[in-house]
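In full-length UniProt numbering, the protein residues as written are 1 to 274.
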């Protein structure tokens, strides 16, 4: 799984590979986040059709933890920050989004915790990141949720957008943009590639990373279920190749508290156990 990650790049840097526009929503939430947790505001890259039919590629601010359009309360999203690739096409919470609303969730790396081989004692956090310093583009999905009047105080302003009024006398309302990251089964801890083996020993799940070309195809709007299923299968199949370029090192247990921030969180530390 992926429950904590780092995004320190600016929206402008994230927009460049996609020739994307930076949405106004991200301007005030562009500070580096060295300890991203569910419900935090995160950047996502997505494509959408404008009212004039033009296809727009944009960087938006979203809430991490997908809130389905039919949800009664925003709190359901706090546990939906990951979507299992094996069931994403069938699960009611995700199946509409993966078919029509896919995004790339950028990260500089992510944190994962490993328990001692004995099964007792403190878990050791690790920082997983691309060896070449490039960003990770996680395969993501997103959803829009209309914010009820009594729930407005429960969401951050930068995570919402005004809707279009149905009539001149109708209030447009606010819509929450939220997202989730796809995961797959991790590599075998005995894999012949030592870097994949290390990821397999770290955790039994792996967030699905993409290269830039695949990410461009992933975010393209599409409502064809068969094409989506084939795309999911291909992206998942390529995830190990992408992950083979990742490296990991132990970091401070400070990352265990979401209140802690700063570049020092990703600096290598002596492990708690060997």
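Cβ coordinates follow ideal geometry from the N, Cα and C atoms, glycine included.
| Check | Outcome |
| --- | --- |
| In three-state terms, what does DSSP make of residue 166? | At residue 166 the pLDDT is 37, less than 50, meaning the model places this residue with poor confidence and gives no usable figure here. |
| State whether the region 8–26 contacts the region 241–248, with contact taken as three or more CB pairs (one from each stretch) at a distance under 8 Å. | no |
| Return helix, strand or coil for residue 212, following the three-state DSSP convention. | helix |
| Decide if the region 220–229 is in contact with the region 187–197; the criterion is three or more beta carbon pairs, one per stretch, under 8 Å apart. | no |
| What is the DSSP secondary structure of residue 257, reduced to helix, strand or coil? | coil |
| Which residues mark the beginning and the end of the beta strand (DSSP E) in which residue 139 is found? | 136–147 |
| State the Cα-Cα distance for the pair residue 239 and residue 209, rounded to the nearest angstrom. | 6 Å |
| Roughly how far, in whole angstroms, is the beta-carbon of residue 335 from the beta-carbon of residue 79, given that I think they are within contact range, below 8 Å? | The structure shown does not extend to residue 335, since the chain spans only 1 to 274, so no value can be given for it. |
| On a CA-only basis, which of 16, 143, 267, 14 is nearest residue 92? Give me that one, please. | 143 |
| Is residue 224 buried or exposed, if buried means 16 or more other CB atoms sit within 10 Å of its CB? | exposed |
| Between residue 83 and residue 178, is the Cβ-Cβ spacing less than 8 Å? | no |
| In chain order, what residues of the same chain lie with their CB nearer than 6 Å to the CB of residue 115, ignoring the 5 residues before and after it? | 123 |
| What are the boundary residues of the alpha helix (DSSP H) that includes residue 194? | 194–202 |
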